[in-house]
Amino acid sequence: MNKKQKLLVTFPNPKPERNYIIEHVQPEFTSVCPVTGQPDFAKITLSYIPDNLCVELKSYKFYLQSYRNDGIYFEAVTNKILDDLVEVIQPRTMRLIAEFNVRGGISSLIEAEYQSPEFDDVFID
8 MNKKQKLLVT
18 FPNPKPERNY
28 IIEHVQPEFT
38 SVCPVTGQPD
48 FAKITLSYIP
58 DNLCVELKSY
68 KFYLQSYRND
78 GIYFEAVTNK
88 ILDDLVEVIQ
98 PRTMRLIAEF
108 NVRGGISSLI
118 EAEYQSPEFD
128 DVFID
């Protein structure tokens with residue numbers, strides 16, 4: 008488990024026999040451009056169908072805040088967040104959407120998804 012993953016706290020899924028979608032939206036995510044050193048701002052939307060575990064919100068907030076001073080590209084941070092959450096929570100399916108604010112006249116939308124091979128008939132639309 009890496010240093011950032013250790014920030015994530017979980018709790019038992021209260022209804023593991025049911026497929027249901029959990030969605031968390033963080034409209035104030037920040038990281039740093041590795042080229043310019045300027046802050047990047049994004050809205051992060053996490054959607055997942057839990058298996059046995061759910062992520063606790065306060066720990067998820069602190070986890071996302073841990074990227075505040077990290078120099079990392081949009082694509083890398085989006086996939087890193089998804090990979091960390093998948094490893095810790097082991098969901099049935101998960102999608103992370105990062106909507107980065109306009110920089111240089113270009114807005115960026117990065118979507119990353121995970122599908123558990125054990126639950127290949129479950130999906131988020």
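Each residue of the sequence shown is one higher than the last, beginning at 8 in the numbering used here.
All C-beta atoms, glycine included, are put in the ideal place defined by N, C-alpha and C.
Everything numeric in this text was worked out from a predicted model, so none of it was measured.
beta-carbon residue i near the ligand NAP non-hydrogen atom, thresh 7 angstroms
i          : result
residue 20 : This structure lacks the ligand NAP, and indeed carries no ligand of any kind.
Same chain only: Cβ atoms within 8 angstroms of residue i, ignoring 5 sequence neighbours per side
i           : result
residue 130 : 100, 122
Distance between beta carbons of residue j and residue i, contact taken as under 8 angstroms
i          : j          : result
residue 29 : residue 55 : 6 angstroms
residue 10 : residue 34 : Not really, about 25 angstroms apart at Cβ, beyond 8 angstroms.
residue 62 : residue 74 : Their Cβ separation, rounded to whole angstroms, is 16 angstroms, which puts residue 62 and residue 74 out of contact at 8 angstroms.
residue 12 : residue 91 : 5 angstroms
Sub-8 angstroms separation of residue i and residue j beta-carbons
i           : j           : result
residue 102 : residue 120 : yes
residue 96  : residue 53  : no
N- and C-terminal bounds of the alpha helix (DSSP H) containing residue i
i           : result
residue 15  : Premise fails: residue 15 is in no alpha helix (DSSP H) and is neither H nor E.
residue 164 : An answer regarding residue 164 cannot be provided, because it is not within the stretch 8 to 132 covered by the chain.
Contacts around residue i, its chain only, beta-carbon distance under 7 angstroms, and the 5 residues preceding and following it disregarded
i          : result
residue 82 : 117
Own chain, CB closer than 6 angstroms to residue i, minus 5 neighbours either side, in chain order
i           : result
residue 115 : 81, 107
residue 86  : 119
Range covered by the beta strand (DSSP E) that runs through residue i
i           : result
residue 35  : 29-39
residue 125 : Element bounds for residue 125: n/a, residue is neither H nor E.
- request: Indicate whether the contact test is met: 3 or more Cβ pairs, each with one atom in the region 36-53 and one in the region 16-27, closer than 8 angstroms.
  value: These segments do not touch.
Would you call the region 64-75 and the region 104-111 touching, i.e. three or more CB-CB distances under 8 angstroms? No: fewer than three Cβ pairs fall under 8 angstroms.
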